[in-house]
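One structure below.
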Amino acid sequence: MNAPTKEGRLADADSRVQVVRTACPHDCPDTCGMLVTVKDGVAVKIQGDPSMPFTEGTLCTKVAHYLERTYSPDRILHPMKRVGPKGSGAFERITWDEALDTIAARLQALAAENPESILPVSYAGTMGMAQYSSMDRRFFHKLGASLLDRTLCSTLGKFGLKATLGGSVGMDPERFDEAKLIILWGANPVVSNLHLWSRVQEAKRRGAKVIAIDPYRSLSAERCTQQIALLPGTDGALALALMHVLIGEDLVDHDYIAKYTVGFEQLAERVKQYTPQWAAKVCGITAAEIATLAREYASVKPAAIRLNYGMQRHAGGGIAARNIACLPALTGAWREAAGGIVLTTADFYNFDHAALERPDLLAGRRPRVINQAALGDALTAADPAVRAIIVYNTNSVAVCPDSEKVIAGFRREDLFTVVMDSFLTDTADYADIVLPATTQLEHHDVHKSYGHLYVLANNPAIAPVGESLPNSEVFRRLAARMGFDEPCFRDSDEDICRTALRSSSPRMKGIEWEDVKQAGWRRLAVPERFAPFAEGGFPTPSGKCEFHSALLEQQGVDPLPFFNPPAESVQSNPDLGRRYPLAFLSPPARNFLNSSFANLKRFRDLEGEPRLELHSADAAARGIADGDRVRVFNDRGSFALRARVNDKPRPGVVVAPSVWWKKHSSDGGNANNVTSQRTGDLGGGATFYDCLVEVERIEQAG
Ligand SMILES: Nc1nc2c(c(=O)[nH]1)N[C@H]1C(S)=C(S)[C@@H](COP(=O)(O)OP(=O)(O)OC[C@H]3O[C@@H](n4cnc5c(=O)[nH]c(N)nc54)[C@H](O)[C@@H]3O)O[C@H]1N2
Ligand SMILES: Nc1nc2c(c(=O)[nH]1)N[C@H]1C(S)=C(S)[C@@H](COP(=O)(O)OP(=O)(O)OC[C@H]3O[C@@H](n4cnc5c(=O)[nH]c(N)nc54)[C@H](O)[C@@H]3O)O[C@H]1N2
Ligand SMILES: [Mo]
């Protein structure tokens with residue numbers, strides 16, 4: 001390999017071969033740097049960028065096979081229109097002109113009546129700024145369409161952290177290798193955060209103790225020193241009792257507390273009631289486990305907490321994350337680079353989102369906001385009705401909760417539906433118009449990460465496959481057809497990348513597109529041994545860690561930590577619990593990325609088939625044996641899968657690794673047939689894991 005040339009390409013001695021610097025686009029904290037080898041215009045190899053410090057040259061098994069995704073025979077190659085009933089997946093080829101003319105005419109007619117009848121439906125199929133949130137947002141802002149509140153994943157935790165720490169900030173994940181105590185709190189990094197896991201393993205080799213707090217013996221939990229298998233949705237109670245012990249036994253860092261926190265006296269008073277005995281009952285664990293954990297957390301340094309989104313997908317998930325985020329300030333764990341807590345690092349980047357998304361194009365209009373966690377209700381019951389949806393970067397029919405409602409919406413004959421994707425997903429089957437989308441190898445983009453501190457560039461490695469186009473280009477062409485003449489609608493993808501990085505923040509100093517695209521990645525302008533809050537400086541209103549939260553007080557929420565129970569648990573809702581006594585979790589399957597990759601045979605073969613993992617006590621009580629086919633059900637719906645009696649979930653909990661495509665399941669269902677649209681306590685976030693079910697055998701193994 002020779003020196004990089006323009007465009008982040010490395011020319012090989014064989015000039016027909018080039019190595020292109022790219023970035024993994026997926027919704028995963030690792031946001032890897034990748035090198036794609038291209039020969040005669042065809043991508044022939046993909047590998048982790050060995051120079052990128054967080055990626056360290058390795059990719060997960062999914063993205064290591066990304067070329068199979070890009071060159072899959074199942075790619076959508078050209079625009080299509082529906083020729084059968086909605087949901088049948090019957091389409092016929094049309095030209096781009098016909099597709100875009102049809103869409104523009106329909107949107108124009110609807111907008112003339114009421115632009116709020118139009119709704120963008122997108123999530124994080126790709127996380128680059130050009131294809132995720134720029135030209136699309138400009139287009140819908142100019143149109144005055146309804147706004148989508150994208151709450152499917154991280155909202156509760158994000159708002160919980162904001163209350164305590166002031167934003168989506170935390171310790172540098174790269175430093176986990178130096179920690180002596182690591183708590184994986186509702187986190188399964190072997191599956192969902194592989195490059196953090198390699199650092200956890202390194203810490204373990206150096207003698208660190210690693211504790212998983214998880215109701216399920218996940219692939220990560222089974223490799224930990226210890227697992228604390230609490231009941232789902234009770235983490236907030238555990239954190240309160242830990243604070244009770246830390247303060248009660250005077251295991252706290254008084255100097256750190258005095259200088260860099262607010263509300264300690266009130267917190268001390270508040271947590272007196274939350275004894276380990278109380279929490280033991282709520283969490284279904286022992287008081288001794290709680291007291292021991294508190295003492296270890298206070299005495300072993302550096303102590304790092306990897307909080308992840310699994311624990312916050314519950315009705316009380318926001319306050320739970322807030323409670324947990326109080327811990328490192330109590331013990332002064334923030335003083336060290338390998339101490340503290342991290343859920344997300346997203347707010348360390350100061351990309352210019354206003355310039356990317358141009359909310360000013362709303363020109364004073366204040367369209368209604370639709371919560372994505374309740375998309376089913378929005379499509380079936382919103383008033384005024386949603387009459388057109390443009391779906392991109394998401395597979396709503398598979399991933400949104402309460403599928404029956406979601407599908408009832410998508411099935412509406414009077415709902416004009418456009419789906420942009422690379423594959424005919426469960427959602428695309430309901431489209432009136434399907435548009436072929438490029439994959440990451442076929443477009444430009446710029447990326448931040450929520451799990452490290454680097455900016456990454458994505459250079460196109462190959463020409464678009466078939467007639468596919470980047471999302472940005474589709475919105476550019478639609479804008480031109482609709483007469484949107486602001487210059488921002490003519491920005492190229494590289495203009496967008498440049499705009500993203502334009503920032504006056506000191507952390508973005510020296511980070512420029514031309515340089516990043518050539519190098520592939522650049523670290524934010526923070527020290528190598530970054531201890532962000534060693535001397536306070538939290539982005540809260542007070543500049544301190546807020547045990548007493550001014551923000552929550554303003555919102556009329558209890559400003560001190562408290563316990564917010566799950567909406568659906570045997571304890572919190574005994575009536576429902578009598579009918580549906582099992583807590584249902586549907587966390588990420590190792591070989592899928594949400595529902596991405598679940599259409600490719602390689603990954604389905606690795607996962608086997610949709611399975612429900614049970615504890616033997618719960619299985620025996622229902623006459624279920626390993627390998628039986630079972631039905632999971634509640635008042636919202638049901639779906640069928642194979643029982644795996646393996647004692648990995650704690651008793652009372654069942655686990656269905658997800659997200660399978662419905663059309664690949666024996667009965668056309670998946671986990672979201674039973675999950676609820678109920679939103680949690682902060683910011684309206686989704687509560688996928690706050691879900692009671694019953695399970696019955698439908699067919700014996702054999
Ligand atoms: N391979 C793979 N990687 C992924 C993804 C994927 O689908 N596949 N998805 C990506 C995305 S979008 C995200 S958001 C992240 C998610 O990353 P994680 O947050 O790590 O993923 P989850 O599996 O949702 O949650 C982790 C663990 O939380 C546990 N859990 C569930 N409820 C509770 C609870 O109430 N308390 C506690 N303490 N634990 C609980 C689950 O049993 C699970 O083992 O992963 C990303 N990475
Ligand atoms: N039961 C259950 N449901 C869940 C979860 C769970 O744990 N359990 N997890 C939730 C979480 S954490 C999340 S983040 C959401 C994820 O939900 P989604 O964001 O919908 O993620 P995916 O299912 O991966 O679907 C992304 C789609 O975008 C497409 N795509 C990728 N890149 C592009 C592009 O450049 N252009 C276009 N047009 N399309 C593109 C992909 O092909 C894919 O079909 O699901 C949520 N749903
Ligand atoms: Mo997510």
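Residue numbers for the sequence shown follow my numbering, so the first one is 1 and each next one is one higher.
For each residue, glycine too, the CB sits at the ideal point set by N, CA and C.
By Cβ distance, which residues of its chain are closer than 8 Å to residue i, with the 5 residues on each side in sequence left out?
i, result
"ALA656", "PHE584, LEU585, SER586, PRO610, ARG611, LEU612, GLU613, VAL632, LEU641 and ALA671"
"LYS509", "ALA525"
"ASP255", "GLY332"
"VAL410", "According to the sequence provided, residue 410 is Phe. The question's Val does not apply to it. LYS86, GLY87, LEU379, SER396, VAL397, THR417, THR427 and TYR430."
If we cut at 8 Å on Cβ distances, does residue i have a partner in chain B?
i, result
"ARG642", "Note that chain B does not occur in the displayed structure, where there is just one protein chain."
Considering just the uninterrupted stretch of the alpha helix (DSSP H) at residue i, what are its terminal residues?
i, result
"PRO120", "Not the alpha helix (DSSP H): PRO120 falls in the beta strand (DSSP E), residues 118-122."
"LYS272", "No alpha helix (DSSP H) contains LYS272, which DSSP labels as neither H nor E."
"GLN47", "Where GLN47 is concerned, there is no enclosing alpha helix (DSSP H), although the beta strand (DSSP E) it sits in stretches over 42-48."
"GLN201", "194-205"
"ILE711", "Here the chain covers residues 1 to 702 and nothing more, so residue 711 does not appear."
"VAL516", "513-519"
"TYR260", "254-260"
"THR102", "96-113"
"VAL399", "396-399"
"GLU553", "550-554"
"TYR349", "No alpha helix (DSSP H) holds TYR349; DSSP gives it neither H nor E."
"ARG672", "Note that residue 672 corresponds to Asn in the displayed sequence, not to Arg. Neither: ASN672 is in no alpha helix (DSSP H) and is coded neither H nor E."
"ASN471", "471-481"
"ASP493", "493-501"
"VAL247", "Checking the displayed sequence, the identity of residue 247 turns out to be Ile instead of Val. 235-248 is the extent of the alpha helix (DSSP H) around ILE247."
Assign residue i to one of three DSSP states: helix, strand, or coil.
i, result
"LEU165", "helix"
"PRO328", "helix"
"GLY33", "strand"
"VAL570", "coil"
"THR58", "coil"
"ASN2", "The pLDDT assigned to ASN2 is 44, lower than 50, so where the model puts this residue is not dependable; a value taken from the coordinates is nonetheless given after this. DSSP places ASN2 in coil when its eight states are reduced to three."
"GLN18", "strand"
"GLY684", "coil"
"GLU696", "strand"
"ARG75", "coil"
"PRO447", "Per the sequence presented here, residue 447 reads as His, with Pro not at that position. Strand."
"ILE228", "strand"
"LEU293", "helix"
"PHE562", "coil"
"ASN591", "coil"
"PRO541", "coil"
Going along the chain, which residues of its own chain have a beta-carbon closer than 7 Å to the beta-carbon of residue i, five neighbours each way excluded?
i, result
"GLY684", "ASP149, THR151, THR155, ASN371 and ALA373"
"LEU230", "ILE213, PRO215, LEU238, CYS283, GLY284 and ILE285"
"ALA3", "Below a pLDDT of 50, predicted positions are generally treated as unreliable, and ALA3, at 46, falls in that range; no measurement from the model is reported."
"TYR309", "CYS153, SER154 and GLY157"
"TRP96", "PRO79 and GLU467"
Residue i lies in the beta strand (DSSP E); which residues open and close that run?
i, result
"HIS615", "Here HIS615 belongs to no beta strand (DSSP E), and DSSP marks it neither H nor E."
"SER638", "637-645"
"TRP185", "181-185"
"PHE584", "582-585"
"MET129", "Note, MET129: premise wrong, no beta strand (DSSP E); alpha helix (DSSP H) at 129-132."
"VAL654", "653-655"
"THR417", "416-421"
"VAL526", "Unbroken run through VAL526: none, as it is neither H nor E."
Give the C-beta separation of residue i and residue j to the nearest angstrom, bearing in mind that I take them to be a contact with Cβ-Cβ under 8 Å.
i, j, result
"LYS209", "LEU251", "The pair is not a contact, with the Cβ atoms about 17 Å apart (cut-off 8 Å)."
"GLY167", "TYR430", "Going by Cβ atoms, the distance from GLY167 to TYR430 rounds to 37 Å, so no, they are not a contact pair."
"ASN713", "TYR392", "Shown here, the chain extends from 1 to 702; a query on residue 713 therefore has no answer."
"VAL659", "ALA398", "6 Å"
"ARG138", "GLU357", "7 Å"
"ARG629", "GLU514", "About 57 Å; that fails the 8 Å criterion."
"ASP667", "PHE639", "6 Å"
Using a Cβ-Cβ cutoff of less than 6 Å, which residues in the same chain neighbour residue i once the five nearest sequence positions on both sides are dropped?
i, result
"PHE533", "TRP334"
"ARG175", "ALA337 and ALA338"
"ALA437", "MET420, ASP421, SER422 and SER468"
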